[in-house]
Every structure is written in structure tokens, then in C-alpha cells.
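Quick note on my numbering: the sequence shown kicks off at 359 and runs consecutively.
To start, the structure under review is shown below, and the notes come after it.
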Amino acid sequence: MSGFISLDGVSVDFHVRRGLFATTPVHAVRGVSLEIARGEHVAIVGESGSGKTTLGRALLRLQAVSAGRIVVDGDPIADLAGDDLMRFRRRVGAIFQDPYASLSPYMRVREIVAEGLVVHGTVPAAEHEARVLAALEAVRLSPAAEIADRFPHTMSGGQRQRVAIARAMVLEPEILVADEPVSMVDASSRVEILALLRELQVSRGLTIVSVTHDLASARHSADRIAVMYAGRIVEEGPAASLVDDPRHPYTRALLAAVPEPDPANRLRDRAVVPGEPPSPAALPPGCAFHPRCPVAIAGTCEVTDPAATPRSGGGQVACVRELPGA
Ligand SMILES: Nc1ncnc2c1ncn2[C@@H]1O[C@H](COP(=O)(O)OP(=O)(O)O)[C@@H](O)[C@H]1O
Ligand SMILES: [Mg+2]
Numbered sequence: 359m360s361g362f363i364s365l366d367g368v369s370v371d372f373h374v375r376r377g378l379f380a381t382t383p384v385h386a387v388r389g390v391s392l393e394i395a396r397g398e399h400v401a402i403v404g405e406s407g408s409g410k411t412t413l414g415r416a417l418l419r420l421q422a423v424s425a426g427r428i429v430v431d432g433d434p435i436a437d438l439a440g441d442d443l444m445r446f447r448r449r450v451g452a453i454f455q456d457p458y459a460s461l462s463p464y465m466r467v468r469e470i471v472a473e474g475l476v477v478h479g480t481v482p483a484a485e486h487e488a489r490v491l492a493a494l495e496a497v498r499l500s501p502a503a504e505i506a507d508r509f510p511h512t513m514s515g516g517q518r519q520r521v522a523i524a525r526a527m528v529l530e531p532e533i534l535v536a537d538e539p540v541s542m543v544d545a546s547s548r549v550e551i552l553a554l555l556r557e558l559q560v561s562r563g564l565t566i567v568s569v570t571h572d573l574a575s576a577r578h579s580a581d582r583i584a585v586m587y588a589g590r591i592v593e594e595g596p597a598a599s600l601v602d603d604p605r606h607p608y609t610r611a612l613l614a615a616v617p618e619p620d621p622a623n624r625l626r627d628r629a630v631v632p633g634e635p636p637s638p639a640a641l642p643p644g645c646a647f648h649p650r651c652p653v654a655i656a657g658t659c660e661v662t663d664p665a666a667t668p669r670s671g672g673g674q675v676a677c678v679r680e681l682p683g684a
């Protein structure tokens, strides 16, 4: 697989103060390796606290990595500085979870969407208005000229998230990192926004890395899914294969725990798998999932942290039960 984006053993530790002198390391992301092809949409899926946002921020170079390397189109991003870093920022757009918090209430949609153009100065000012209107049209906000005059508070959550996407798209990025882009918008807008992201992916060859805690929506919106647990990718593969034939017990548990029939409630952040994920400051030894795992092998899973091995159907899985000969 061609690694347009290549994550190689990426770890992120936070050092949280504990008392006056001591700090506790929080292992938010642990040795994540993942290859993403140009034009592909990879969804990172996992419960709250699994490290998804931290991984997305590392890819945006908003968060330094403690170990490992992220390479985008041949460039290790940790080394970028000056003009190269600005160019990277134009190439990689971001959408965040909360379209209420991420848009300034004091700016009109025109100024919000134009911000990147102003900051980067790569497009002549005379062309900004046309670029803004084109970006609004691209996210199906019309009439664009009328929308551009509005303030975010006059708009619905779904409309605001479209403005956030227009803002990310105005510099024509090659990569979009979307952190839970639909978890705070209403059910009908969710479907439309996921369809819009798919359309942008296909029509512009955009590479998308999204973060979600909803495996069912990832199945329909992404090409590939990577399931994270306690900072590690425990299973990764083609979206359909991963959901229809999950190999890791955690992926199975996530799928079994989607009984919510009302789609309006389905994406709500809640503990879906029995038990609690471990604190990344106090991880269990061996496989981090073993205390919750219904098929843990006594004497093995509490001591062995399984390496990723190829899974049937494509991708990788990290479970001793999937090891050859197991
Ligand atoms: N800035 C930070 N300082 C300390 N701990 C953090 C920080 N950001 C995230 N964490 C911790 O790292 C873990 C992973 O968080 P996060 O990446 O936000 O997970 P997710 O997006 O999957 O919910 C959590 O335990 C969280 O509390
Ligand atoms: Mg998050």
C-alpha cells in the first residue's frame, strides 16, 4: 500500500502533575503504525479516552509525538519549519467536533471561511470573495452570497458544521482530519454531512482521516477502519470486512453494543461496552483489553501484549487468538 500518510510507531505521553514534584505519565497513544493511501478515507474508531483526538492532533502537528514518526508525502512532519510548515498547514485541513465552539460568534461566515486565505496570503485579496462563495457552494450552503453575510448563531448545528468544512476546504487541502464531525449535529444532518465528505473525497481526491466512536457510521462513510483501544490500534482493515467479520474481541464488543434503534441517540457518547476502559495512567499489564475481554486466556493475556499480525480480509489485528497456530 502506498503510504501517502505513514505513521510509524507513534506514541504520545502526557505528563500530568501529581502533587508538588511528581508527575504521572499518561500513555494516550502507544506505538501506532498506520499507512494511509492518497484519496482514502480512514476512520479511527474507539471509546472515549482511547486516544483518537490525540492521534488526530499529532497528525495535524498540533501535538508533538513522544516517540515514532509521522511522514506525509515523504516529509517527516516533526521536522517541518518556516515556509515548509505553512505549506503543510495549507495541505492539511481540520474539522472539529463542536461547530458551536469552533466558530467565532463575532465573525460573519464570510470572515470565518476567509480566515485561512488571510493568514496564508497565497491567494490575492481580490479573489477571496470568489473563493469563499465557491467553498460555501461546495458544502451546499446556498445562496452562498446570503449565507456569507450571516453570523453563526443564526444557523443550525448542521449548517455550522458545513461552514467549518468550507473553512477547512477554502485553501484546497489534500488531507482533511475530521474529529467527530457529526457527533454534535442532529440525526438528519449527520447523514448529509457524511455524504458531503464522501463527495469531497471522490471529486477532489481528498484524503480523509476521521475520528468517531460509531462503528456503524464508519462502516458506511470510510474505506478503512482502525479500531483504537487504550492508545493502541487493536484491529485495522477494509471497512466492510472489519464490521462484517470482526476479528478482535474489542471490535466485536463495540459492534454488539450498538443496540440503540433510534439513530438520533446512536452516536451519543456513552460507555457502550460492559466495564470501563483503563486509565492511560495505569494500564493493565499484557493486553490492555484483557480485564474486559470475554475470551481472555488465563495465564496468557495478562502477560502478553500481542503484536499486530495480518488479518484475514485485509489489514491487521493484535490478539493472541489470531496469532498463527493459536
Ligand atoms: N493535554 C492532555 N493532558 C493530559 N492528558 C490528556 C491530554 N489530552 C488527552 N489526555 C488523556 O489522554 C487520553 C486520550 O484522550 P483523547 O485523545 O482525547 O481520547 P479520545 O479522543 O479517544 O476520547 C485520555 O485519558 C485523556 O484524558
Ligand atoms: Mg476525542
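All C-beta atoms in this analysis are idealised placements derived from N, C-alpha and C, irrespective of residue type, glycine included.
Quiz prompt | First through last residue of the beta strand (DSSP E) which encompasses E469 | solution = Numbered from its first residue, the sequence shown carries residue 469 at position 111. Premise fails: E469 lies in the alpha helix (DSSP H), 467-478, not in any beta strand (DSSP E).
Practice problem: Identify which residue in C677, A615, P668, H571 has its Cα closest to the Cα of S408. | Solution: Against the sequence shown, residue 408 aligns to sequence position 50. The shortest C-alpha separation from S408 is found at H571.
Quiz item: How many angstroms separate the CA atom of H669 from the CA atom of V675?
Solution: Reading the sequence shown from its first residue, position 311 is the one you call residue 669. Reading the sequence shown from its first residue, position 317 is the one you call residue 675. According to the sequence as given, residue 669 is Arg; it is not His. When rounded, the distance between both Cα atoms is 6 Å.
Quiz prompt | Per DSSP, cross-strand counterpart(s) of A536 | solution = Residue numbering aside, residue 536 sits at position 178 when the sequence shown is read from its first letter. Residue pairing of A536 in beta bridges, as defined by DSSP: I453, S568.
Quiz prompt | Three-state secondary structure (DSSP) of G404 | solution = Position 46 of the sequence shown holds residue 404. The answer is coil: DSSP assigns G404 none of H, G, I, E or B.
Exercise. Taking V661 and R679 to be in contact with their CB atoms under 8 Å, please state how far apart those CB atoms are, rounded to whole angstroms.
Key: In the sequence shown, counting from the first residue as 1, residue 661 sits at position 303. In the sequence shown, counting from the first residue as 1, residue 679 sits at position 321. That pair is no contact at about 15 Å.
Self-check item: Residues passing the C-beta test against ligand 1 heavy atoms, cut-off 6 Å
Solution: F372, V374, V384, A386, G404, S406, G407, S408, G409, K410, T411, T412, P638
Practice problem: May I have the straight-line CA-CA distance separating A574 from A401, to the nearest angstrom? | Solution: Here residue 574 corresponds to residue number 216 of the sequence shown, with the count starting at 1. Here residue 401 corresponds to residue number 43 of the sequence shown, with the count starting at 1. In a straight line, the C-alpha of A574 is about 11 Å away from that of A401.
Quiz prompt | Cβ neighbour criterion (16 or more within 10 Å) applied to A629 | solution = For this step, residue 629 is matched to residue 271 along the sequence shown. Reliability of the predicted coordinates at A629 is poor, the pLDDT of 42 falling under 50, and the value obtained from them is presented with this limitation in mind. Residue environment: A629 is assigned as exposed (fewer than 16 neighbouring CB atoms within 10 Å of its CB, all protein chains considered).
Self-check item: Local conformation of T412 per DSSP, three classes
Solution: To locate residue 412, count along the sequence shown from 1; it is residue 54. The three-state secondary structure of T412, taken from DSSP, is helix.
Quiz item: Looking at the structure shown, is R605 part of a helix, part of a strand, or coil, going by DSSP?
Solution: As a position in the sequence shown, residue 605 is number 247, starting the count at 1. Correct three-state label for R605: coil.
Quiz prompt | Nearest candidate by alpha-carbon position, reference V521, set A506, V430, L529, E530 | solution = Stepping through the sequence shown from its first residue, residue 521 is reached at position 163. When each option's Cα is compared against that of V521, the closest is A506.
Practice problem: Could you check how far apart the C-beta atoms of A576 and V403 are, in whole angstroms? I think they sit under 8 Å. | Solution: Residue numbering aside, residue 576 sits at position 218 when the sequence shown is read from its first letter. Residue numbering aside, residue 403 sits at position 45 when the sequence shown is read from its first letter. Rounded to the nearest angstrom, the Cβ distance from A576 to V403 is 5 Å, consistent with a contact under 8 Å.
Practice problem: Please state whether DSSP places R626 in a helix, a strand or coil. | Solution: Counting from one through the sequence shown, the residue named residue 626 turns up at place 268. The pLDDT assigned to R626 is 45, lower than 50, so where the model puts this residue is not dependable, and the model offers no usable value.
Self-check item: Proximity test, D537 beta-carbon vs ligand 2 heavy atom, cut-off 7 Å
Solution: Indexing the sequence shown from 1 puts residue 537 at position 179. Yes, ligand 2 has a heavy atom inside 7 Å of this Cβ.
Quiz prompt | Inter-residue spacing [alpha-carbon to alpha-carbon] between A615 and C651 | solution = Along the sequence shown, one-based indexing puts residue 615 at 257. Along the sequence shown, one-based indexing puts residue 651 at 293. In this structure, the straight-line span from the alpha carbon of A615 to that of C651 is close to 14 Å.
Self-check item: Endpoints, the beta strand (DSSP E) within which H373 is located
Solution: Here residue 373 corresponds to residue number 15 of the sequence shown, with the count starting at 1. In the DSSP assignment, H373 falls within the beta strand (DSSP E) that extends over 363-376.
Exercise. Tell me, please, which residues DSSP counts as bridged to H486.
Key: Position 128 of the sequence shown, counted from the first residue, corresponds to residue 486. According to DSSP, H486 bridges with nothing at all.
Quiz item: Does the separation of the CB atoms of A416 and V384 fall below 8 Å?
Solution: Numbered from 1 along the sequence shown, position 58 holds the residue referred to as residue 416. Numbered from 1 along the sequence shown, position 26 holds the residue referred to as residue 384. No.
Quiz prompt | Limits of the unbroken alpha helix (DSSP H) element including M527 | solution = Indexing the sequence shown from 1 puts residue 527 at position 169. That run of the alpha helix (DSSP H) goes 515-527.
Self-check item: Residue from D442, R376, T411, F509 whose Cα sits closest to the Cα of Q455
Solution: The residue labelled residue 455 in the question sits at position 97 within the sequence shown. For the residues D442, R376, T411, F509, the minimum Cα distance to Q455 belongs to T411.
Practice problem: Given a cut-off of 8 Å, decide if D581 and H373 are closer than it, judged by their beta-carbon atoms. | Solution: In the sequence shown, residue 373 corresponds to position 15, counting from 1. In the sequence shown, residue 581 corresponds to position 223, counting from 1. Their beta carbons are not under 8 Å apart, which means H373 does not touch D581 by this criterion.
Quiz prompt | L475 versus R525 - alpha carbon distance | solution = Within the sequence shown, the letter at position 117 stands for residue 475. Within the sequence shown, the letter at position 167 stands for residue 525. Roughly 9 Å separates the two Cα atoms.
Quiz item: Are G515 and S541 touching if we call contact CB-CB under 8 Å?
Solution: Numbered from its first residue, the sequence shown carries residue 515 at position 157. Numbered from its first residue, the sequence shown carries residue 541 at position 183. Contact flag unset, no.
Quiz prompt | L461 - containing alpha helix (DSSP H), residue span | solution = As a working mapping, residue 461 is identified with position 103 in the sequence shown. Where L461 is concerned, there is no enclosing alpha helix (DSSP H), given that its DSSP letter is neither H nor E.
Quiz item: Among L681, A545, L494, G673, which one has its Cα closest to the Cα of L600?
Solution: Residue mapping note: residue 600 aligns to position 242 of the sequence shown, counting from 1. The option with the nearest alpha carbon to L600 is G673.
Practice problem: Report the option in F647, A545, E557 whose CA atom is closest to the CA atom of L534. | Solution: Taking the sequence shown and counting its residues from 1, one reaches residue 534 at position 176. With distances taken between Cα atoms, L534 lies closest to E557.
Quiz prompt | Between the CA atoms of V467 and T512 - distance to the nearest angstrom | solution = Translated into the one-based positions of the sequence shown, residue 512 becomes position 154. Translated into the one-based positions of the sequence shown, residue 467 becomes position 109. Distance between the alpha carbons of T512 and V467: 11 Å.
Quiz item: Using 8 Å as the Cβ pair cut-off and three pairs as the minimum, do the stretch 421-440 and the stretch 469-487 touch?
Solution: As far as the Cβ criterion goes, the stretch 421-440 does not touch the stretch 469-487, which means the pair count is below three.
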